[in-house]
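In what follows, a single structure is set out as structure tokens and then discussed.
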Amino acid sequence: MKQLYFVKELVRLIPLLAALCSYSQSKGDIAFTAINVDGNDDFAIVLLSTFPANSILYFTDATWDNATLAFNEVGNDGFLEWNTGAEELPAGTIISFNNINNINADNFSVSAGTISSNNSISLVASGETIFAYTGTNKDSPTTFISGIKNASLQSNELLGTGLIAGQNFLELNPFVSPDGGEYTGSRSNQSDYASYLTLLVNKENWTINNSNGELFLDFSKEAFCISTIATSWTGSTNNQWNLSSNWSNGIPTKDADVTIPKTAILPLISTSATAGNISLEPGANITVSGLLSVKGRLLAQSGSTIMGSGTLNANFIYTRQLESDNWYLVASPFKDQTIEDLIHKNSFAAGTDTNIGLAHYENKDASWSYYNAKTVGKLLPAKGYAVKLTSAGNLKYSGSLETNDVAISLKDGTTNAYNLIGNPYTAFIPANTNTNVAENILTVNSDQLSEQTLWFWDQKSNAYITINQASLGKYIAPVQGFFVKTKTGGGILNFTKAMQQYQQTEVFYKSNEEPVWIQVKVANGDKSKTTEIFFIENTTTGFDNGYDSSSFKGVLSDFELYTRLVQDSNSTDLSIQSLPTDNYKNLVIPIGLKTEAASINFTAKSAQLPEDLIIYLEDRELGVFTKLSNDETGYTVTLSNPLDGIGRFYLHIKSSNVLSTVTIDRKYLRSYQKDKNTLRLEGFSANDISITLSNILGKRILRQRFSKSEYIEIDLPKHLNQGLYLISIQMGRNQYSKKIYINR
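Under our numbering, think of the first position of the sequence shown as 225, with each following residue one higher.
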């Protein structure tokens, strides 16, 4: 009977115990961390003690009347009821309340648990008080926990609440009435959570804005942590996360602020792990095959990697460092990033009209479609975008990790078939076979592309860099965007989760497999373009898909350098051309150039080229051959008219003695007008030099002989007209001619 009576009493007490639990929190157990009273109103709090599951907390902007012990609800005043949810919420957790002024909107929400309201809370810029309290219901407060006002308090406004400004209530009044603000003090320097309260209610630790509170959105989700248990990964023993000897201050707990630096041994979470916050430094990595739960935010900095087949629960932030205020091609590393959130988090450059430095590419008319500050929508996984910040800094993303395969449709546009896409993962992915034979972008998608080529924008050189299967190994970093060209009719490009890899740099060299390679560069002032030639077994002088790549034509350019096929010079402009290895000496490679009238300079560098072979550039218009080598200054020529196409410049690869009948070196080809009456030639090495100047019909104008000198100056006849002439140089048995243009 006693046992039965005990059970009955316990059953009777359960509802009472649950009710007590719902309002068992004390003053100072929460504090506000952010507020926005513009647009869709929002605020955020931090829990300074652990909240049991299904705890109830109320919020209101109504005035408390101590005389009647009731709230005076006036105008747009309202109440929120927050249920913390089925899971215990640990101290240090940030809770965001979103769009509280519209209870019927889809984005009326809370970051943990659930909220309900009988009437929207509409915060005003002229000054609004928000109380947080427990109670038997919204109208019957038991304990006032905390509060905030974005203005100065009125006399006796807190009377009867037990709250005191500067102790457990924030009077945010650095001036009359800010529209928004956020706590920007430390979240990791206190030895217990209660000690943060003094910092949080001190307005000096807040950043505010008097005209646009929405600038603080999305509020920071960085959790508060305990300073005495901050710890860093060392990897001193092995790669196991849950091993104390791998950490500077013990295995992380849910209250720890965790740092993962770039180390030789990378952490692996194979079972379960917790943390307060995690920061991955550039080049660092976490691999998760088990479960990782992060109370606050997991920050991955530029070039760091998060990967694995496990489960990760965290507020993810990824930052990509942009080293200048130039344009960059990027993609979101998260699957649920919104355009409006990206705009809120970053400072994009202002463009014409209301445009900002954020756009996507349209191949229907080869144009960029720019966004404005009010653009909304989702950033599509694997879709690429162009961005330009107001200044160099970090591009910030937040969202949920993509752990599955990702497919994106490719459109064959009315103008071209180029599609701007990007890496959808927080891990590096291989671009070509020189990084991963099977799981790379080009191989996996070879049947979806018109050619196996990727084009990357290089903001430093203001040019597109071309990558194909002949290129040195290339990894695509998180957030990196790039172009592909789809097959006729369009296709579907696939990223597989098996592609994800850790890599400390985007370029991966296999020095023992480095091919014979030549890069030709042309410079016009501070502008430059390059084209590459590889010599690879089993390639041909025709077009080899995957080893020959066309130049990027997705945007107009007034400065281009390319080659044409040896077999068909009327074919496609090529950024990369691969040629067979058995016929170096008989190849003549057409060089195409598009440029304005200007002084241009050709140079070249090579790798693995046989020592007895020399690279020459032929200028057929002037009849000049110039040796281009890694240590040479190259060939400079002034173009009097714009040039667009092939026919003037050709690349030759010859043995060092093949052109011995003509002394061919850059120093024998240096000639220019010192002034309108003087022609100067530099650098001759022979002792007996004969110079003949003729008109274009072959009529000799002058002939002079010189002994060895560093330079020769020839006085031009006064009657000589402006125009094109032929200069012939005889040095012993060697003779050559070149065309020159004389200005008068």
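For every residue, glycine included, the Cβ atom is placed at its ideal position computed from N, Cα and C.
Check: On a CA-only basis, which of 428, 251, 402 is nearest residue 435? Give me that one, please.; Outcome: 402
Check: Measuring alpha carbon to alpha carbon, tell me which residue in 794, 321, 833 is nearest residue 809.; Outcome: 833
Check: Could you pull out every residue in the same chain whose Cβ sits closer than 6 Å to the Cβ of residue 503, ignoring the five residues on either side in sequence?; Outcome: 483, 523
Check: Out of 718, 823, 723, 682, which one is the CA nearest neighbour of residue 533?; Outcome: 723
Check: Taking residue 659 as the reference, give the member of 650, 677, 696, 679 with the closest Cα.; Outcome: 696
Check: Check whether the Cβ atoms of residue 371 and residue 356 sit closer than 8 Å, and answer yes or no.; Outcome: yes
Check: From residue 929 to residue 876, what does the alpha carbon distance come to, in whole angstroms?; Outcome: 32 Å
Check: Measuring CB to CB, does residue 520 end up less than 8 Å from residue 491?; Outcome: no
Check: Residues in the same chain with beta-carbon distance under 7 Å from residue 655, minus the five sequence neighbours each way, listed in chain order, please.; Outcome: 664, 665, 666, 678, 691, 698, 699, 700
Check: Measure the beta-carbon distance from residue 509 to residue 726 and round it to whole angstroms, keeping in mind my assumption that it falls under 8 Å.; Outcome: 5 Å
Check: Assign residue 381 to one of three DSSP states: helix, strand, or coil.; Outcome: coil
Check: Which one of 424, 351, 824 has the shortest CA to CA distance from residue 257?; Outcome: 424
Check: Excluding the five sequence neighbours on either side, which residues of its own chain have a C-beta within less than 6 Å of the C-beta of residue 319, listed in chain order?; Outcome: 269, 335, 336
Check: Looking at the unbroken alpha helix (DSSP H) that takes in residue 668, where does it start and where does it end?; Outcome: 665 to 668
Check: Hey, which unbroken runs of the beta strand (DSSP E) at 3 residues or more fall wholly within the stretch 749 to 804?; Outcome: 751 to 759, 784 to 787, 798 to 803
Check: State the CB to CB distance for the pair residue 903 and residue 914, rounded to an integer number of angstroms; the pair is presumed to be in contact (CB under 8 Å).; Outcome: The Cβ separation is near 15 Å, so there is no contact.
Check: In the DSSP assignment, what residue or residues form a beta bridge with residue 920?; Outcome: Residue 920 pairs with nothing; no bridge assigned.
Check: Output the boundary residues of the alpha helix (DSSP H) element that contains residue 564.; Outcome: 563 to 569
Check: DSSP state of residue 469, grouped into three classes?; Outcome: helix
Check: Within 10 angstroms of the Cβ of residue 948, are there 16 or more other Cβ atoms? Answer buried if so, exposed if not.; Outcome: exposed
Check: CB-CB under 6 Å to residue 560, same chain, minus the five flanking residues each way: which ones, in chain order?; Outcome: 623, 624
Check: Take the Cβ of residue 823 as the centre, count every other Cβ of all protein chains shown within 10 Å, and call the residue buried at 16 or more, exposed below.; Outcome: exposed
Check: Mind listing, in chain order, the continuous beta strand (DSSP E) runs of no fewer than 3 residues lying wholly within the stretch 442 to 501?; Outcome: 481 to 484, 496 to 499
Check: Considering only C-alpha positions, which residue in the set 844, 275, 759 is nearest to residue 803?; Outcome: 759
Check: Who are residue 504's beta bridge partners in DSSP?; Outcome: 484, 524
Check: Decide if the stretch 368 to 386 is in contact with the stretch 287 to 307; the criterion is three or more beta carbon pairs, one per stretch, under 8 Å apart.; Outcome: yes
Check: Could you say if the stretch 765 to 785 and the stretch 844 to 855 meet the contact criterion of at least three C-beta pairs nearer than 8 Å?; Outcome: no
Check: So if DSSP puts residue 438 in a beta bridge, which residue, or which two residues, is it bridged to?; Outcome: According to DSSP, residue 438 bridges with nothing at all.
Check: Could you tell me the alpha carbon to alpha carbon distance between residue 820 and residue 689, rounded to whole angstroms?; Outcome: 22 Å
Check: Beta strand (DSSP E) containing residue 696: first to last residue?; Outcome: Premise fails: residue 696 is in no beta strand (DSSP E) and is neither H nor E.
Check: Could you name the residues of the same chain whose beta carbon sits closer than 8 Å to that of residue 922, not counting the 5 residues immediately before and after it, in chain order?; Outcome: 950
Check: Just the C-alpha distance for residue 602 and residue 556, rounded to the nearest angstrom, thanks.; Outcome: 10 Å
Check: Is the CB-CB distance between residue 799 and residue 774 below 8 Å?; Outcome: yes
Check: So if DSSP puts residue 312 in a beta bridge, which residue, or which two residues, is it bridged to?; Outcome: Beta-bridge pairing links residue 312 to no other residue.
Check: Using 8 Å for Cβ pairs, my map puts residue 563 next to residue 573. What's the rounded Cβ distance?; Outcome: Wrong, their Cβ atoms sit about 16 Å apart, outside the cutoff.
Check: On the DSSP bridge list, what partners appear for residue 912?; Outcome: 931
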